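*Asks:* Just so we're aligned: 222 in this note's numbering is position 215 of the sequence shown, and the numbers increase by one with no gaps anywhere.
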Amino acid sequence: MGVPKRIFIATVNEDVATDSPWDHQEELTVMDVVTTTPVRKRQRLDHLSREEKILRRKMKNRVAAQCARDRKKARMDELEAYVATLQAEKEALKEQNKALQRRLEESEAENRRLREQRIGSTSSGSIEHASLISGPLQKDQVQLLALSLWMMQFGFLHLLTSLTTCLLCWKSAAKAFSTSQLPQWEQKRGDRQPSSAKPALRWWGPHQRSWCPSKKRSA
Numbered sequence: 008m009g010v011p012k013r014i015f016i017a018t019v020n021e022d023v024a025t026d027s028p029w030d031h032q033e034e035l036t037v038m039d040v041v042t043t044t045p046v047r048k049r050q051r052l053d054h055l056s057r058e059e060k061i062l063r064r065k066m067k068n069r070v071a072a073q074c075a076r077d078r079k080k081a082r083m084d085e086l087e088a089y090v091a092t093l094q095a096e097k098e099a100l101k102e103q104n105k106a107l108q109r110r111l112e113e114s115e116a117e118n119r120r121l122r123e124q125r126i127g128s129t130s131s132g133s134i135e136h137a138s139l140i141s142g143p144l145q146k147d148q149v150q151l152l153a154l155s156l157w158m159m160q161f162g163f164l165h166l167l168t169s170l171t172t173c174l175l176c177w178k179s180a181a182k183a184f185s186t187s188q189l190p191q192w193e194q195k196r197g198d199r200q201p202s203s204a205k206p207a208l209r210w211w212g213p214h215q216r217s218w219c220p221s222k223k224r225s226a
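(1) At the level of alpha carbons, what is the spacing between Ala106 and Thr92?
(2) What separation, rounded to the nearest whole angstrom, lies between the Cα atoms of Lys79 and Gln103?
(3) Does DSSP put Ser56 in a helix, in a strand, or in coil?
(4) Determine the burial state of Leu167: buried for a count of at least 16 other Cβ atoms within 10 Å of its Cβ, exposed for fewer.
(5) State the Cα-Cα distance for the pair Leu174 and Thr129, rounded to the nearest angstrom.
(6) Using C-beta distances below 8 Å, list every residue in its chain close to Glu85, excluding the 5 sequence neighbours before and after it, in chain order.
(7) Between the C-alpha atoms of Arg82 and Arg69, what's the straight-line distance to the nearest angstrom?
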């Protein structure tokens, strides 16, 4: 047999609903005393009476239930704190989403207004340009246009005359240069060309001093 356990009796204010003869009496609190020798096997409660065993079992069940309630309460408190944190984050995200939605709507409205303004300015500018082009010309504008056309014609004629004169002058200068430089060039070419012609041979005849064919025959 193992070492017997001690039982301490304490008074409590709660009523215990049991079928034992100790109803509405003192409650027992069981406290295990740690012994010096390790307990390897389950202790037998042969030294306790039947009523003591019943009370011990009830107190152990009550302690276990209280511990379970405490753990449940702590877990519920933790979950409530976590839920409160998530709720606060949800509200913050909701407010941020509303702010972004308002900014998006304002941006879309501003974009639409700018697009309409650009289309209106483009259409008004094209209408003004078309009216200026298709509208009747005033007297000053007609005179200015005629003067500009006349000046353009005069400038074109002056340019054409200048080009013709320059062309004629260039042709005459080229012709004079060619006629004046050609003889000198041919003369220089003749001087530079080496004389390769052999001197003409004179025929043997009476005009030479050694001409005496009769004497040669008599001899």
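Glycine included, every Cβ here is placed at the ideal spot set by N, Cα and C. These figures come from a predicted structure and were not determined experimentally.
*Replies:* For this structure:
(1) If I take the Cα positions, the gap works out to 21 Å.
(2) Taking the straight line joining both Cα atoms gives about 36 Å.
(3) Looking at Ser56 - three-state DSSP - the assignment turns out to be coil, as it is neither helix nor strand.
(4) Residue environment: Leu167 is assigned as exposed (fewer than 16 neighbouring CB atoms within 10 Å of its CB, all protein chains considered).
(5) Here the alpha carbons of Thr129 and Leu174 stand approximately 52 Å from one another.
(6) Counting only Cβ-Cβ distances below 8 Å, and skipping sequence neighbours, we find nothing.
(7) Approximately 20 Å between the Cα atoms of the pair.
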